[in-house]
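Here the structure comes first, spelled out in structure tokens, and everything after it is commentary.
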Amino acid sequence: MDRAASGKADQEEGARILAEFRRNTGVGGNYWMSFELRVMPRKGSERTVTGTLLGTRGESGGPLSRLTIEGKNWLIESGPQPHAWTTGSNGEVNPASGGEALGGTGVTVFDLQMPFLYWSDFTYEGQGKVRGRPTHSFVLRPPPGFVPPEPGLTGVRVVIDQQFSALVQAEVLGAKGTAERSIALLDLKLVNEQPLVKSVDIRDLRTRDKTRLTFTAAALGIEWPAGTFLPENLGQPLPSVPPAKVVRF
Numbered sequence: 439m440d441r442a443a444s445g446k447a448d449q450e451e452g453a454r455i456l457a458e459f460r461r462n463t464g465v466g467g468n469y470w471m472s473f474e475l476r477v478m479p480r481k482g483s484e485r486t487v488t489g490t491l492l493g494t495r496g497e498s499g500g501p502l503s504r505l506t507i508e509g510k511n512w513l514i515e516s517g518p519q520p521h522a523w524t525t526g527s528n529g530e531v532n533p534a535s536g537g538e539a540l541g542g543t544g545v546t547v548f549d550l551q552m553p554f555l556y557w558s559d560f561t562y563e564g565q566g567k568v569r570g571r572p573t574h575s576f577v578l579r580p581p582p583g584f585v586p587p588e589p590g591l592t593g594v595r596v597v598i599d600q601q602f603s604a605l606v607q608a609e610v611l612g613a614k615g616t617a618e619r620s621i622a623l624l625d626l627k628l629v630n631e632q633p634l635v636k637s638v639d640i641r642d643l644r645t646r647d648k649t650r651l652t653f654t655a656a657a658l659g660i661e662w663p664a665g666t667f668l669p670e671n672l673g674q675p676l677p678s679v680p681p682a683k684v685v686r687f
């Protein structure tokens with residue numbers, strides 16, 4: 439049974455929990471993953487697009503991801519100083535905004551970048567339960583000068599699984615403090631003792647449109663060629679992945 443956090447908690451303990459989570463967030467080392475994005479609008483037809491993701495750890499400590507979806511490329515850096523780039527129609531590399539949708543789906547750069555995990559202004563709401571699992575709940579607020587992916591963002595509520603130190607749910611809060619968009623972890627997959635995200639739902643709570651991100655295969659411990667994650671190389675072909683390292687889900 440789910441149980442919301444009380445809203446009254448030790449903020450110093452919350453700072454410790456959040457710092458530990460930040461150190462452990464993301465996949466360790468270099469990795470490759472394939473995925474599907476199933477677009478499920480409240481009205482209209484469903485569709486599915488496929489893509490690949492190359493990952494490593496960025497210089498600022500956050501995940502650094504290179505994605506290809508239907509021939510278009512993105513480079514997304516999370517961490518305390520997030521950045522993102524994409525390729526244009528002529529192959530040129532341009533900065534990408536947080537609100538840019540990936541492959542015309544309901545998933546945005548902001549959803550994958552998750553800059554809110556590194557915002558310093560937070561309130562620890564305490565312990566709760568989601569799908570019967572013990573969790574920690576925080577509300578994080580954007581720093582001065584932050585350009586939101588859409589107007590009205592006042593904060594993001596994040597819920598962290600206590601056992602796996604994994605993000606279970608994130609709710610983007612609007613001007614009135616109500617949830618307008620959510621990211622919810624559905625499943626994890628253990629590959630070589632490394633817990634990986636298997637499926638996530640991204641919902642627009644105003645329109646009730648939903649996109650399901652499902653990872654279908656992974657390869658860990660990859661050696662990427664030098665320059666793989668440089669923005670200027672984003673339009674270059676992806677390096678190959680040793681088939682023997684690929685684990686299908």
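In this note's numbering, the protein residues as written are 439 to 687. C-beta: ideal position from N, C-alpha, C; glycine also. Everything numeric in this text was worked out from a predicted model, so none of it was measured.
Beta strand (DSSP E) segment containing residue i, residue limits
i, result
"V577", "R571 to R579"
"G493", "R485 to R495"
"S527", "It is not in any beta strand (DSSP E) - S527 carries neither H nor E in the DSSP assignment."
"F653", "D647 to L658"
"P501", "P501 to I507"
"F560", "D559 to V568"
"T515", "Contrary to the premise, residue 515 reads as Glu rather than Thr in this sequence. Its beta strand (DSSP E) spans residues K510 to E515."
Residue i (DSSP reduced to helix, strand or coil)
i, result
"A522", "strand"
"M439", "Note that M439 scores a pLDDT of 48, beneath 50, so its modelled location is shaky and nothing firm can be said."
"R476", "strand"
"K481", "coil"
"F554", "helix"
"K636", "strand"
"L618", "Note that residue 618 is Glu in the sequence shown, not Leu. In the structure shown, E618 sits in a strand (DSSP, three-state: E or B)."
"P680", "coil"
"P533", "strand"
"E631", "coil"
"N468", "coil"
"E670", "helix"
Identified DSSP bridge partners for residue i
i, result
"G593", "L611"
Delimiting residues of the alpha helix (DSSP H) encompassing residue i
i, result
"T549", "A quick correction: the sequence has Asp, not Thr, at residue 549. It spans V547 to Q551 - the alpha helix (DSSP H) in which D549 sits, taken as one unbroken run."
"G452", "Q449 to N462"
Expected contact under 8 Å - CB spacing of residue i and residue j to nearest Å
i, j, result
"T525", "L668", "No, T525 and L668 are not in contact; Cβ-Cβ is about 13 Å, not under 8 Å."
"F554", "V585", "That belief does not hold up - the Cβ atoms of F554 and V585 are roughly 13 Å apart, past 8 Å."
"V531", "E670", "6 Å"
Check whether residue i and residue j have beta carbons under 8 Å apart
i, j, result
"Q551", "A522", "yes"
"F385", "L578", "Residue 385 lies beyond the residue range present for the chain, which begins at 439 and ends at 687; the question has no answer from this structure."
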